[in-house]
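Chains as they are written, first to last, in full-length UniProt numbering: chain R, 1 to 350; chain B, 1 to 350. First up is the structure itself, then whatever we jot down about it.
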DNA sequence: GCGCTTCGTCGAAGCGTTTCGACAGACGGC
DNA sequence: GCCGTCTGTCGAAACGCTTCGACGAAGCGC
C-alpha cells in the first residue's frame, strides 16, 4: 500500500505538496500537479482515510442513529435509510448505521465522543427526546428526521402530517364522505410521544372540526390484528362510517380484512386511505390502496444534504423542511353511496 | 476533549501505561489500573477512534456492501441489514452502509484501499460476481450473504434454497397436491445469475422430478402485475394446477388477486406457499400466507460474527452456512380437493 | 547470595495525513 | 532599480493513539 511519502519521492516533491495537490488547500502549479497525479496513478495510491481523519479532524463519516427494535424497518423507514446512504456516498462520505436504543444515553454519549462521526442524522425522534440534548452537548452536528416538540434551534426534515391529513380528508370529503374514522398508531406510541401519531391525530381533529363533524379517532396496535380490533371498535362508535384513514401501515391490512368480515366492500361501502405509505405496499392489497404516498428516499437525501452543509460550513442556517405525502388514488377509495347513511348491519363478529 | 496525555498526567503514569490499562495488551497492576480508570472517569475520557485506528491499523469499522437500486430494500434484505448492524454494534464495531452499484468496480477498489474497513459483508451476490475478486485483491476480509458459483474458498451465509424448496414441496405433496407451479423471480434476474432464482428453480425441478411429476416453472416480474401475468401463463400451461409456490414476495399478492379473478378460492381450490417471506408480510394477505419464513436477522448476525472472526484471528477457517426457511402454515395452504382434477373453468380473462 | 526469569512500567518511535510558518523567486508599480 | 506582493513549494510540527525494546524490582531455585 503506497503512502504519500512514496508518491512524493516518485514525483520528486515534498509530502506537503502532494497533500496540496490532492486536496487543493493551496495553489499548485499545473506542472507539479501533473507530476503528482502521474505518480499517484503509477503507484495506485489511495489516501489512508484514518490518517486523513486524524490530521484534519474530519472523519468524513456520518452516523444514522435509529432504534433497532426486533420488528425491524418498515418500508418507509427503509427508504429513508437508503436515501441517506446513497446521498452520503455520492458526496464522498460514509454512512454508519448505529442502532441506539432510545434509552441508552450513555452509549450515545460514548459514540458521540469518539470523534468518529462528523455529524449524525437522528431518526425516530420522540416529541421530547433526550438524545438531542446529549448530541448537542457533544457538539455533534445533528439533523432530525422527525421533530421534537420544541423545534426552535434544530434542523429537521419531517413529513408534513398536517397537510397530508388535510389533503387526505379533503379527498374523502370531495367524494361525499363525512363519517370518517382515523385509525392511528398504538396507544403506547401516543403515550410515548411518537410525533407522527400525535401530529396526525391533532391534524385530523382540526380538519374534521373544520367540516363541522365530530372526529372519530382510534388507536391500533401495529399489526393486522390491531387493525381488525380497531375496526370493531370503530363500528361500535360510528356504525355509519363510510371511510377510514389509516396511519398505520401494518394495521391497514387488518382493517381491509375486517371490513370484508363485516360485509362491507371496498370501496363501494367503505373507502380506505392509507397514510404515509409506499406504492409497493399499496399494490399488495386488493383492491390496491389509495395512499398518501410517503416521500421515500427524498427524506433521507434532504437530511444528509442539510447535515453536510452543517458539517462543512458550520455557520449555516437551520434547515427545517416539511414534505407532504402526495395523494395517489387507487382502488380503495370512491364516492360515498347515495343511501349510505344507516348501517347495513350492526352485529359484532369475532 | 480529554486525551490520553491528560489521563496519564492526572494518574501520574506514562501514556503507554494508560494505553495498556485500556486495551489490556500488557499486564497492569491492580493499583495502577484503578488510578488510571479513576482519572479517565474524572476527565470523562473517550479514546479517539481515528487515532486508535491509525496506530493499530484496525478501524473497528465493517462495511455492508449492497447495490442500492431505486426500489430499495425488501423486508427480507432489510432484516439482514438490521441484524448485521445490531451484531456489529454489540461487538463494539461500526457498520457502514455502502451502496456499491454492481458494476462500479473502481469505486469498490477505492473503498477497499482506503484502509477504512476492517472487513466487509457483501450482499446480493451474483453467481459470478466480479466484486469478490476486487475485494480479495485488496486483501479485505469478506463474508458473503448469498453465494457465488464457486464457493471453494469464501465464507458465506445463505438461505438453504434446496432444503427450503424441498420442505415446501413436501408440505404441499403431503396435502395431496401434485400440480404445483413454481413462480420464480424475473427472467432478467435469472439471466443475471441471481442465486436465489437459479437455485430454487433447480431445487424445484429436482424435487418434482423426484415425485415423478413434470415441473412447471414460470418467471415473474417483481410486482403484483408480474404475479398476475405469471398466473395467467400458469393457467395456460397447467389448467389443473392446485398449488403455487411463490419465490417472489412482490408477485405473490398479484397471484392471490388473479386467483380470485379466475374464480379460484385460496386455499380451497388452490394452495399458495410464499417462499423466503417474513411473518409481517405474510399477515398482510387475506388469508394469511403459509410461508417458508426467512431466517431474517439471523443471516446478518451470522455473517457479522463470521466476519469478526476473520478480522480478529485472520487464520480462522472458512464459515459456510446455509440456513433453511421454516414452514409456517397459515391460511393459504390446505388439502387438495377430492374432485380437483379437471379444471373448473378454462377462460382466460384480462 | 548468584544469576534467571517474570512483572509492571516507561520512553520513544511510529501510523499517514494535514496544516502552519517560512521562504525563494517572479512580477509589477513607481 | 528597489520594495512589497503574490505564487508555489518545503520542512516540521502536530493529530492521539499503539507498540516495541528496555529496564528496575521482585521472586525463584539451588
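Quick reminder that beta carbons are idealized off the backbone N, C-alpha and C, glycines included.
query	result
Test item: CB-CB of residue 192 of chain B and residue 114 of chain B under 8 angstroms	no
Reduced DSSP category for residue 347 of chain R - H, G, I as helix; E, B as strand; rest coil	For residue 347 of chain R, the pLDDT reaches just 43, beneath the cut-off of 50, and the residue's location in the model is therefore unreliable, although a value from the coordinates is still provided. Coil at residue 347 of chain R, not helix or strand.
Chain-order list of residues whose beta-carbon lies under 7 angstroms from that of residue 281 of chain B (same chain, five-residue window excluded)	75, 249
Cα-Cα separation, residue 300 of chain R to residue 323 of chain R	11 angstroms
Same chain only: Cβ atoms within 6 angstroms of residue 267 of chain R, ignoring 5 sequence neighbours per side	332, 333, 334
Per-residue burial, residue 219 of chain R [other beta carbons within 10 Å of its own, 16 or more giving buried]	buried
Bridge partners - residue 246 of chain B, DSSP secondary structure assignment	B:183, B:274
DSSP-derived helix/strand/coil call for residue 293 of chain R	strand
Nearest to residue 112 of chain B (by Cα), restricted to the options B:139, B:86, B:104, B:128	B:139
Cβ neighbour criterion (16 or more within 10 Å) applied to residue 341 of chain R	Only weak support is given to the placement of residue 341 of chain R: the predicted model assigns it a pLDDT of 45, under 50, and the question is left unresolved by the model.
Residue 98 of chain R in three-state terms, based on DSSP	strand
Range covered by the beta strand (DSSP E) that runs through residue 155 of chain B	155 to 159
First through last residue of the beta strand (DSSP E) which encompasses residue 4 of chain R	Residue 4 of chain R -> not in any beta strand (DSSP E); alpha helix (DSSP H) instead, spanning 4 to 11.
Residue 255 of chain R (DSSP reduced to helix, strand or coil)	helix
Which residues DSSP lists as bridging residue 327 of chain B, in chain order	B:292
Neighbourhood of residue 53 of chain R by C-beta, 7 angstroms cutoff - its chain only, sequence neighbours within 5 removed	59, 60
Endpoints, beta strand (DSSP E) assigned at residue 116 of chain R	Where residue 116 of chain R is concerned, there is no enclosing beta strand (DSSP E), given that its DSSP letter is neither H nor E.
Coil, strand or helix - residue 133 of chain R by DSSP	helix
Beta-carbon neighbours of residue 51 of chain R, restricted to chain B and to distances below 8 angstroms	54
Where residue 320 of chain B sits in the DSSP three-state scheme	strand
Neighbour flag for residue 48 of chain B against chain R, beta carbons, 8 angstroms	yes
Proximal residues to residue 296 of chain R (C-beta, below 6 angstroms), its chain only, five neighbours per side dropped	79
Alpha-carbon to alpha-carbon, residue 118 of chain R and residue 23 of chain R	18 angstroms
Per-residue DSSP class, three states only, for residue 342 of chain B	Because the pLDDT at residue 342 of chain B is just 44, under 50, the model does not fix this residue reliably, and the point stays unresolved.
Among B:33, B:42, B:29, the one whose alpha carbon lies nearest that of residue 351 of chain B	Residue 351 of chain B falls outside the range modelled here, since chain B spans only 1 to 350, and no answer is possible.
Contact under 8 angstroms by Cβ, residue 137 of chain R with residue 186 of chain R	no
Which residues DSSP lists as bridging residue 66 of chain B, in chain order	B:99
Contact set between residue 330 of chain R and chain B, taken where Cβ atoms lie within less than 9 angstroms	Correct list: empty, because the minimum Cβ distance to chain B is about 11 angstroms.
Residue-chain proximity (residue 295 of chain R, chain B), Cβ-Cβ < 8 angstroms	no
8 angstroms CB neighbourhood of residue 107 of chain R in its chain, flanking five on each side removed	100, 101
Beta-carbon proximity check, residue 289 of chain R vs residue 96 of chain B, cutoff 8 angstroms	no
Cross-strand partners of residue 194 of chain R (DSSP beta bridge)	R:126
Test item: CB-CB of residue 223 of chain R and residue 283 of chain B under 8 angstroms	yes
Distance, residue 309 of chain R Cα to residue 246 of chain B Cα	46 angstroms
Rounded C-alpha distance that separates residue 132 of chain B from residue 206 of chain B	29 angstroms
Heavy atom of the ligand SAM within 7 angstroms of residue 123 of chain R beta-carbon	Of the ligands one can find in the structure shown there are none, so the ligand SAM has no counterpart to examine.
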